[in-house]
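Here the structure comes first, spelled out in C-alpha cells, and everything after it is commentary.
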Amino acid sequence: MGKISCNIDAFRHSDKTFNYAVKRLSELGFDAVEPEVLDGRCIYTIYHYCPMISLEEDPTEVKGQADKYGLEISCVSAHTSLLNAEYGIRYLKKAIVFADKLGTGIVNTSEGPKPTGMSDEEAYRLMEININEVLKMAKNFGLTLTIEPHGEYTTNSQGLLKIMGMAKYENIGVNFDTGNVYLSGNDPLKTLKAVREYVKYVHVKDIGGALLDSRGKVTGTPVGVAIGQGNVDVKGCVEELKRAGYKGYYSIEASEADLEQSIKYLRGLT
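This is the structure we're talking about:
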C-alpha cells in the first residue's frame, strides 16, 4: 500500500498550529501531511489558533516544518468553488504556485456548492471552462489537479466521469473520498470501481455515529469517525485500489483523537 498521510483538518478544532500538527503526526508514525491553504488571513491564522496555511505565508517555511519532522507534503488541499466565476480560478492559481514551492505534485479541489438558479447544463459548462484554465497552468508547473467527491456532481460516478471527460489536459484525476461518497447516499466501492482508472489520491474517511443521520442529505464532512469504526467498507476500497495498481497516498480524515486508532487500522490493511 502507498504511504499514509493526514489532512490537516484533523487538527482544526485543536486550536493549535501547523507545527503542532506535523509534530503530532510524526509521533503517530505518519509518512506525510496534507496542508490546507486559504486565500488571505483571519484572526485564527494571525494568532496561530489553527493549522491552516495562508497563501501569504512563505512556503519554504511551511515545507521546513514538515521536513523537520520527517514528513512529506502529499498534496495541497485547496477547496474552492469551480462553480464560481469570480474567486474559484484566482484562488486555485495561487495554490498551484504555493504547491510547487512545497514540492508536492497534487493540488486538490472540488466543485463547491451549486448556486441557486444555476442549471445542470450551466454548471457543467462553467466547470469545464474553469477546470481547463486551471489545468493549463498546473501542467506548466508539472502538477496534477484532483477533483474530490464533495458536492452533488462529484459524489457519484456519473458526475466524476463527465468531469474527467471534459478535461483537455491529462493532468487531472480523482481524489477519491470514501466517506463523502457514502455520506451522499452512494456506494463507495461501486463508485470507486467505476472511476478507479482516474484515482490519483485518496481520502480515507469512515462514517458512523451521529453522522449517519445525515446520510443522503449532505455531500460531505471534513472528518469522520476512527477508520474501521464506521459503516464504510474501507477494507474493500483499499483492496480494490491495490488491485488497480494504485501507488499513491492514503490521506486519513479523522479527528485528532481518532488518528492513532485510524493509522493502526489502515496499516493493518497492507
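Oh and the sequence shown: position 258 is 258 in my numbering, straight run, nothing missing.
Every residue gets a Cβ at the ideal spot worked out from N, C-alpha and C, and that includes glycine.
(message) For the pair the region 235-248 and the region 214-221, tell me if three or more CB-CB distances fall below 8 Å.
(response) Touching, no, given that fewer than three Cβ pairs across the two stretches are closer than 8 Å.
(message) Let's test the definition: count the other Cβ atoms within 10 Å of the Cβ of A257 and tell me whether it reaches 16, buried, or not, exposed.
(response) A257 should be labelled exposed.
(request) Mark Y249 as exposed unless 16 or more other C-beta atoms lie within 10 angstroms of its C-beta, in which case mark it buried. (result) Under this definition Y249 is a buried residue.
(request) Indicate the three-state DSSP secondary structure (helix, strand or coil) for C42 in the structure shown. (result) Under the three-state reduction of DSSP, C42 is assigned to coil, being neither helix nor strand.
(message) Taking the straight line between their C-alpha atoms, what separation do you get for C6 and A138?
(response) Rounded to whole angstroms, C6 to A138 spans 23 Å at the Cα level.
(request) Report yes or no: do three or more beta-carbon pairs, one from the region 184-201 and one from the region 115-124, lie closer than 8 Å? (result) The region 184-201 and the region 115-124 do not touch, with fewer than 3 CB-CB distances between them shorter than 8 Å.
(message) How far does the beta strand (DSSP E) with Y201 in it extend, from its first residue to its last?
(response) Per DSSP, Y201 belongs to the beta strand (DSSP E) from 199-204.
(request) Going by DSSP, name the residue or residues bridged to G117. (result) According to DSSP, G117 bridges with nothing at all.
(message) Along the chain, where does the alpha helix (DSSP H) containing F98 start, and where does it finish?
(response) Note, F98: alpha helix (DSSP H), 88-102.
(message) Quick check on the burial criterion: 16 or more other C-beta atoms within 10 angstroms. Buried or exposed for Y47?
(response) If you draw a 10 Å sphere on the C-beta of Y47, you find fewer than 16 other C-beta atoms in it, and that means exposed.
(request) Can you tell me which of the three DSSP states L212 falls into? (result) L212 falls in the helix class under three-state DSSP.
(request) Would you mind sorting P51 into buried or exposed? The rule is 16 or more other CB atoms within 10 Å of its CB. (result) So P51 ends up on the buried side.
(request) Flag this pair as yes or no: are the beta carbons of G220 and H150 separated by less than 7 Å? (result) Yes, these two residues count as a Cβ contact at 7 Å.
(message) Assess contact between the region 202-213 and the region 155-164, defined as three or more Cβ pairs (one per stretch) separated by less than 8 Å. Is contact present?
(response) No: the two stretches stay apart, fewer than three of their Cβ pairs being nearer than 8 Å.
(request) Compute the distance between the beta-carbons of K92 and S26, then report whether it is under 7 Å. (result) With the sequence shown as reference, residue 92 is identified as Leu, and Lys is not the correct amino acid for it. Against a cut-off of 7 Å, the Cβ pair of S26 and L92 comes out as no contact.
(request) Measure the Cβ-Cβ separation of I263 and L28 and say whether it is below 7 Å. (result) Taking 7 Å as the Cβ cut-off, I263 and L28 qualify as a contacting pair.
(message) If you measure between the beta carbons of V223 and D39, is that distance less than 7 Å?
(response) Taking 7 Å as the Cβ cut-off, V223 and D39 do not qualify as a contacting pair.
(request) Take K168 and list the residues in its own chain whose beta-carbon comes closer than 6 Å to its own, dropping the five residues that flank it on each side. (result) Answer for K168: N132, listed in chain order.
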